[in-house]
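Reviewing the structure listed below.
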Amino acid sequence: MNTEIVGIFAMFLLTLALAIPLGKYISKVYGLEKTWLDFIFNPLEKMFFKLSGVNPDEEMDWKQHLKALLTINLIWFVLGMIILMTQGNLPMNPDGNPSMSADLAFNTVISFVVNCNLQHYSGESGLSYLGQFWLMFLQFVSAGTGMAAAVVVFRAFRDKSTTALGNFYAYFMKSCTRILLPLSFVVAILLVFQGTPMTFEGKDSITTLEGNVQEVSRGPAAGFVAIKHIGTNGGGFFGTNGAHPFENPTYFSNMLEMWAQMIIPFAMIFAFGFFIKRRKFSWMIFGVMTVGFLALAIPNVIGEMQGNPMIEKMGIDTSLGAMEGKETRIGAAATGYWSIATTVISTGSVNSMHDSTMPLSGMNELLAMMINSFYGGVGVGILNFFIFIILAVFISGLMVGRTPEFFGKKVEAREMKIAMIIALMHPFLILVGTALTAAMPEYGTATLNNPGFHGLSEMLYEFTSASANNGSGFEGLGDNTVWWNVSTGIVLVLARFLPIIGPVAIAGLLAQKKFIPEGDGTLKTDTATFGVVTLTVIVIIAALAFFPVLALGPIAEYFTIY
Amino acid sequence: MKENLIKGIRMTVVLLVLFVVIYPLSVWAIAQLAPNKGKGEMVAYKQSQGYSNIGQTFTKDIYFWGRPSAIDYNAAGSGASNKGASNEEYLAVVQGRIDTFLLKNPTVKKSEVPVDLVTASGSGLDPNISVSSAKVQVDRIQKARNIDSEKLITLIDANTEHPLLGAFGPTKINVLKLNIALDQLK
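If you're matching them up, the sequences are chains E and P in order. Under my numbering, the first residue of the first sequence carries the number 1, and numbering increases by one thereafter. Under my numbering, the first residue of the second sequence carries the number 1001, and numbering increases by one thereafter.
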C-alpha cells in the first residue's frame, strides 16, 4: 500500500491510542486525584500558588470564574502591547528586527492572547527573540485559559446541584504545569533531535555549493514549535510555519507535530467522560466529531494527491499530486490530511500553503473552521460543541413534546437564548466582515494575491480564520494593513471570549437548577441517535449560513478548472 | 477586579519565569547534545558548509536542480507563491518552467517532467526533490560533466532517502547532499 496513506493511518491511530490514557490523566488532574507526577508538581504548585497569593481551594461560581479569566487576559494584552512595540530596543534581538507598529502589535497580541495566532508579520524579520518568547508564553497561557474554562463546564455536570465550580486559578495553573508543560517538553526534545534549531545565535551567512551567499535565520524554535502544537495555537516561529524545513524537518517531525496538535483535543473529550462518569457520552461526542472530520479530510487527501487538472493538461507527470506550496519530504497525502486537522482543531499551523490547495480542498478547510467544533481547539473545542449539544437537546425535546433536559437539568429560554447568540455570532462575524471588506476595494481587493473567485476566498478565509480563532491563512493576502489588523483584531476578541462566556454561563445556570432523576421519557444523550441529531444540527446551521458565500468562492472556482 | 488584578499579575510573573526562562533554557541545555548543538544540522563541502535541511539555489548544468522557489532560497525570509490553482498568470509561469526545462534537457519527453520540478515549494527552502526529478536530469548532467550515466544512476540510488521505517511517507532525495556526492565522484 502507498506509504503516504499508511502514514496518515498511523498518525490518526497513534493519536487515538494515547488520547484515552491522557484523558484519564487529565480527568484525575482536575478531579484532584493522585497522579504519578505528584511528586514534582505538588510542591511546585504549592510554591506557585503562595507566590501568586491564590488559595486554590477557594470555590468560585461561574461569574467569578469569568471575572478572573477576563482580568488575567487583559493583563497579558497590556504587557504584550508594551513588549512588541518596544522589542527593537530590548535585549535578545541579534538580527536587529524593528519594533511593531501599533496596529500590527494590536493584532498580534490579541491573536496570541486568544489562542488564534493569525500572523500578519513574518517571524524571521518581524520579531526579536524576546518577542518570540513573549508569544510563546501566550501560547502556554491561552491554551491553559481555554482548558480552565472547559473544566468549569465539566464541574457543572458532575455534581447534582451546585453553584461551587472550583477555582479558576487552580484549573488554569494545573492545565499549564501538569498538562501543557510536560507534553511540550517531550515534543521539544524530540524536535531538537530531528533538526529543529534551539539556539540564541542570530542569522548565519554561508556560501552555497554554487558559490553564492545565503543568509539563514535561526533561533530558539524547538520550544516554540512544541507548544504551538500542544496548545493548538499554530503560530509559526518562521514565516512559512510548519512548511519551513527548520520547524518541520522530517516526516517523523511531521507525524509528531500532527500528533501533538490533536492529542489534547482528543483527550479532553475522553476526560469529560471520565470526569462526569459518563464514558459512553464521550464516545458519542468523539463519534460525531470523527465522522465530521473524516468527511472533510478524505476528500482533501484524495484531491491533493490527484493534483491540479490545469497542470495535468500541460502534459507533464503529475503523479506526485498538487505540489505548489507543498514540501517534498511531507508529500501531498499527509499535507491534505494536515490541512483539515489544523482547521477542524483551531491550531492553524500549516505545512503547506492553503492558498494553493485545490478549490474544494480550500472549501473544506473553510468549512472546518466555519463549523469549528469537530475536535476543536484545546478546551474551547468542547465548549463550541457543547453549544450544538444544547441546540440538539432543545430540538429533540420539541420533537417529542417534552421540556428539554440535559443530564437531569431543564434547558429553558435563558440558556437557549445564549446558545443561539453564540451559534449565530460566528457566521455573523465571518459574513459581515467579508462583505464589508469586499465592498471597499481599496482595503480589500487591493490586498489580494489572486484574481476572481479565489480572491473572494482569500478574504473569506481571513475572517473565517479570525472568527474560528484558527490562525491559518490564505497567506497570499497582503494582510499587514491597518484595516486587516484592526478588523480581524476585533473579530478575534469577540469570537474568543463570547464562546467562552456563553457555554460557561449556560453550564453555570444549569448547575444551579434542581436535579431531575432520569425517567422513561428522558432523552438519552449518550446514544448514536442523539449523535445523528447533533450532527444534523451542525450540518444544517453550517449549510444555511455559509453555502451562498462558498458558492461564490471555492465552488465557482472549482467549475472554472474542472 | 482589584483582587483579580493583583492575583493575575503575580501569577503572570510566576509563569513567565517558568515558561520563558526555565522551559526554554532546559530545552536549550538538552539541545547541546543534538547535532551541531541545536544550531541546525550542517553538511561540509569544498571550503565551506551549508545547512542540510535548507535548500540552495542550483542553476548550473553540472548540478541537480532543486524545486522552484518563490523567494529564491532566501533562508532569512521563507515564503511561497500562494498562487491559486486557477490563477492564469500562475499557470503561465508553470508553463514557462516546463518549456525552459525541456529546452535545457532536450532528451526528456514532456510527459516525463515531474510536477515538483515546476511548482514552487511551501517554504521556498525545500531541500528535497523526488527520485524521478533526479533521474530526469541525468542526461543533462552526464553531458555537462562527461561522466558515465550508469554512475549517476548509482549515485541517485545511493542518495535516495526511503520512507520512515520503510512504511511511512514519501521517498525523496536531498539535493545538496546529492550534489556534494556528485562533486566527489571521479
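Don't be surprised by glycine CBs; every beta carbon is placed ideally from N, CA and C.
Ignore the nearest five residues each way along the sequence and tell me which others in residue i's own chain have a CB closer than 7 Å to its CB.
i               : result
D103 (chain E)  : V482, N485, V486
N254 (chain E)  : N248, I330, A334, N351
V114 (chain E)  : S142, N469, L492, V493, R496
D526 (chain E)  : R278, K280, F281, M284
P309 (chain E)  : I561, Y562
S361 (chain E)  : N300, G303, E304, G336, S339
I1071 (chain P) : G1077, S1078, G1079, G1124
M369 (chain E)  : T343, T464, S465, A468, N470
For residue i, count neighbouring Cβ atoms within 10 angstroms of its own Cβ and tell me buried if that reaches 16, exposed if not.
i               : result
L1025 (chain P) : exposed
P1114 (chain P) : buried
S373 (chain E)  : buried
Y562 (chain E)  : exposed
E4 (chain E)    : buried
S1111 (chain P) : exposed
P451 (chain E)  : exposed
T464 (chain E)  : buried
F154 (chain E)  : buried
V1013 (chain P) : exposed
H454 (chain E)  : buried
D317 (chain E)  : buried
S1048 (chain P) : exposed
R218 (chain E)  : buried
G242 (chain E)  : buried
Beta-carbon within less than 6 Å of residue i's beta-carbon, same chain only, minus the 5 sequence neighbours each way: which residues are those?
i               : result
V1117 (chain P) : Strictly speaking, residue 1117 (chain P) in this sequence is Leu, with Val absent from that position. Excluding positions up to five away in sequence, the list reads S1133.
T434 (chain E)  : M459, L460, F463
I430 (chain E)  : F463, T464, S467
V301 (chain E)  : A333, G336, Y337
G166 (chain E)  : R155
Which residues in the same chain as residue i place their Cβ atom closer than 8 Å to its Cβ, once the five residues preceding and following it in sequence are excluded?
i               : result
S1069 (chain P) : G1055, T1057, A1120, S1121, G1124, L1125, D1126
G1050 (chain P) : M1042, V1043, Q1056, L1176
S205 (chain E)  : V213, Q214, E215, V216
L367 (chain E)  : L296, A542, F546, L550
F185 (chain E)  : A226
L37 (chain E)   : R178, P182
Below 8 Å on C-beta distance, what does residue i contact in chain P?
i             : result
G53 (chain E) : I1006, K1007, R1010
K67 (chain E) : M1001, N1004
Please compile the residues from chain E whose C-beta is within a distance smaller than 8 Å of the C-beta of residue i.
i               : result
A1120 (chain P) : E324, G325
P1106 (chain P) : Per Cβ cutoff of 8 Å: no residues; P1106 (chain P) is ~16 Å from chain E at best.
Going by DSSP, what residue range makes up the alpha helix (DSSP H) through residue i?
i               : result
G142 (chain E)  : Note on identity: in this sequence residue 142 (chain E) is Ser, with Gly being the wrong assignment. Where S142 (chain E) is concerned, the enclosing alpha helix (DSSP H) stretches over 129-156.
D103 (chain E)  : 102-113
D1139 (chain P) : 1138-1145
I418 (chain E)  : 413-439
Q1032 (chain P) : Here Q1032 (chain P) belongs to no alpha helix (DSSP H), and DSSP marks it neither H nor E.
I316 (chain E)  : Element bounds for I316 (chain E): n/a, residue is neither H nor E.
For residue i, go through chain E and note every residue whose CB falls closer than 7 Å to its CB, in chain order.
i               : result
W1028 (chain P) : M198, P220
I1098 (chain P) : M314, I316
E1041 (chain P) : G195
E1112 (chain P) : D317
N1128 (chain P) : T328, R329
Establish whether the CB of residue i and some CB of chain C are separated by less than 8 Å.
i               : result
T1057 (chain P) : As a matter of chain content, chain C is missing from the structure shown, whose protein chains are E and P.
What are the boundary residues of the beta strand (DSSP E) that residue i is part of?
i               : result
Q214 (chain E)  : 213-216
I8 (chain E)    : Looking at the DSSP string, I8 (chain E) is not in any beta strand (DSSP E); the run it does join, the alpha helix (DSSP H), is 3-30.
T207 (chain E)  : 204-207
Y1051 (chain P) : 1048-1051
A1044 (chain P) : 1042-1045
I390 (chain E)  : Element bounds for I390 (chain E): not the beta strand (DSSP E) but the alpha helix (DSSP H), 380-400.
I1173 (chain P) : 1172-1174
Give the residues of chain P in contact with residue i, contact being defined as C-beta atoms less than 7 Å apart.
i              : result
N308 (chain E) : A1085
I want to check one thing, is the minimum distance from the CB of residue i to the heavy atoms of the ligand SAH below 7 Å?
i              : result
L360 (chain E) : The ligand content of the structure shown is nil, which means the ligand SAH is not present either.
Against residue i, what residues of chain P qualify as contacts under a CB-to-CB distance less than 9 Å, listed in chain order?
i              : result
D355 (chain E) : A1080, S1081, N1082, K1083, G1084
W76 (chain E)  : G1008, T1012
For a contact meaning CB atoms closer than 9 Å, what does residue i contact in chain E?
i               : result
K1060 (chain P) : E210
- Message: Three Cβ pairs or more, each shorter than 8 Å: is that satisfied between the region 1082-1094 of chain P and the region 352-366 of chain E?
- Response: With a cut-off of 8 Å, the region 352-366 of chain E and the region 1082-1094 of chain P count as touching, because enough Cβ pairs lie within range.
- Query: Just checking, does the region 179-193 of chain E make contact with the region 529-549 of chain E on the three C-beta pairs under 8 Å criterion?
  - Reply: For the pair of segments examined, the region 179-193 of chain E was found not to touch the region 529-549 of chain E: the number of CB pairs separated by less than 8 Å stays below three.
- Query: Quick one: any contact between the region 1030-1041 of chain P and the region 217-225 of chain E, if contact means 3 or more CB pairs under 8 Å?
  - Reply: Result yes; three or more Cβ-Cβ pairs closer than 8 Å.
- On the three-pair Cβ rule with 8 Å, is the region 138-154 of chain E touching the region 73-81 of chain E? Verdict: yes, contact present.
- Given 8 Å as the limit, is there contact between the region 9-22 of chain E and the region 253-268 of chain E, that is, 3 or more CB pairs closer than that? A contact exists between the region 9-22 of chain E and the region 253-268 of chain E.
- Message: Would the region 1059-1079 of chain P count as touching the region 194-201 of chain E if we require 3 or more Cβ pairs under 8 Å?
- Response: Output reads no: the region 194-201 of chain E does not touch the region 1059-1079 of chain P.
- Are the region 497-505 of chain E and the region 379-390 of chain E touching, with three or more C-beta to C-beta distances below 8 Å? Contact holds: three or more Cβ-Cβ distances are below 8 Å.
- Pair every Cβ in the region 129-136 of chain E with every Cβ in the region 82-93 of chain E, then say whether three or more of these pairs are closer than 8 Å. Three or more beta-carbon pairs separated by less than 8 Å link the region 129-136 of chain E to the region 82-93 of chain E, which places the two stretches in contact.
- Item | the region 392-399 of chain E / the region 166-176 of chain E touching (three or more Cβ pairs under 8 Å) | These segments do not touch.
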